[in-house]
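Enquirer: One gets this note's numbering by counting positions in the sequence shown from 1 and adding 4 to each.
Glycine included, C-beta positions come from ideal geometry on N, C-alpha and C.
Predicted model only: the values in this text are computed from it and were never measured.
Here it is, the structure, as structure tokens.
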Amino acid sequence: MSAITYSLKKIDLLEFNEYHAKMTGVYGKSITRHQILWPFILAALALYIVLVQKDEQLGVLFLMLAFIWSLIIPSILKKRFHDHVSGLYSHKQIADATGKRTLSLSTKGLIEHKDEGEDNVMAWGDISKFEQTKFHIYLYVSDDAAVIIPKEAIIEGDLDAFIEQTIEQIKSSAG
């Protein structure tokens with residue numbers, strides 16, 4: 005069976021929390037509103053000002069405001085969210101959650117070996133969901149907890165083979 009070794013950083017924890025919040029809660033709706041809805045309203049207002057009021061300068065100003073809003077406000081919300089989540093973890097919790105990890109596949113389940121010598125075995129039936137983003141892989145072990153695998157931080161092993169075998173094992177355990 006396959007194995008990979010990777011390094012997990014604090015930013016990976018923050019990005020998991022952000023991803024999970026976007027997919028499940030109010031935070032995701034808020035980001036969508038500030039990235040799409042409010043800029044669309046401002047752009048529609050700009051179009052109205054240009055077409056009906058015949059004021060091109062004010063219309064361009066509103067269009068620029070829409071563009072700036074779509075970039076800056078979500079960035080501010082993301083920064084505040086990261087600060088909030090960082091405040092929830094103690095330095096010890098972050099130190100325990102980060103560092104070098106090795107994940108091995110076995111017939112019993114997924115074996116996580118930490119650099120400090122700890123081993124954690126997760127049965128295949130305990131892995132409820134597999135999600136993949138551009139930069140991370142999340143193997144959910146509960147509704148709000150997952151094994152985080154940063155794709156860019158793979159030190160050793162074949163990630164593609166690992167993913168393929170992991171998906172096969174999860175499917176076969178689901179029946």
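Taking the straight line between their C-alpha atoms, what separation do you get for Thr28 and Val145?
Expert: Taking the sequence shown and counting its residues from 1, the one referred to as residue 28 is at position 24. Taking the sequence shown and counting its residues from 1, the one referred to as residue 145 is at position 141. Their backbone Cα atoms lie some 16 Å apart in a straight line.
Enquirer: Is the beta carbon of Ser6 sitting closer than 9 Å to the one on Asp162?
Expert: To locate residue 6, count along the sequence shown from 1; it is residue 2. To locate residue 162, count along the sequence shown from 1; it is residue 158. Their beta carbons are under 9 Å apart, which means Ser6 touches Asp162 by this criterion.
Enquirer: If you reduce the DSSP assignment to three classes, tell me which class Lys112 lands in.
Expert: Along the sequence shown, read from residue 1 onward, the residue named residue 112 stands at position 108. Coil, per DSSP.
Enquirer: Of the choices Ile72, Ile8 and Tyr52, whose alpha-carbon is the least far from that of Gly63?
Expert: For the purposes of this step, residue 63 is identified with residue 59 of the sequence shown, where counting begins at 1. That would be Tyr52, whose Cα lies nearest to the Cα of Gly63.
Enquirer: Give the DSSP bridge partners of Pro154, in chain order.
Expert: Here the question's residue 154 lines up with position 150 in the sequence shown. Paired residues: His140.
Enquirer: Under a three-way DSSP split, which group does Ala149 fall into?
Expert: Along the sequence shown, read from residue 1 onward, the residue named residue 149 stands at position 145. Three-state DSSP puts Ala149 in coil, outside helix and strand.
Enquirer: Do you know how far the Cα of Leu109 is from the Cα of Lys118?
Expert: Here residue 118 is taken as the residue at index 114 of the sequence shown, counted from 1. Here residue 109 is taken as the residue at index 105 of the sequence shown, counted from 1. Each residue's Cα considered, the two are about 15 Å apart.
Enquirer: By alpha-carbon positions, which one of Asp147, Lys155 and Ala149 ends up nearest to Ile141?
Expert: Position 137 of the sequence shown, counted from the start, is the residue given in the question as residue 141. Measuring from the Cα of Ile141, the nearest candidate turns out to be Lys155.
Enquirer: What is the residue span of the alpha helix (DSSP H) that Ser79 lies within?
Expert: Looking up residue 79 in the sequence shown gives position 75. Residues Glu60 to Leu92.
Enquirer: Grab me the residues of Gly121's own chain with a C-beta within less than 8 Å of its C-beta, minus the 5 sequence neighbours each way, in chain order.
Expert: Translated into positions along the sequence shown, residue 121 becomes position 117. Same-chain partners within the cutoff: there are none.
Enquirer: Could you check how far apart the C-beta atoms of Phe139 and Ile8 are, in whole angstroms? I think they sit under 8 Å.
Expert: Reading the sequence shown from its first residue, position 135 is the one you call residue 139. Reading the sequence shown from its first residue, position 4 is the one you call residue 8. Going by Cβ atoms, the distance from Phe139 to Ile8 rounds to 15 Å, so no, they are not a contact pair.
Enquirer: Relative to the alpha-carbon of Thr111, which residue among Pro78, Asp16, His24 and Gln173 has its alpha-carbon at the smallest distance?
Expert: For this step, residue 111 is matched to residue 107 along the sequence shown. Here the closest residue by C-alpha is Gln173.
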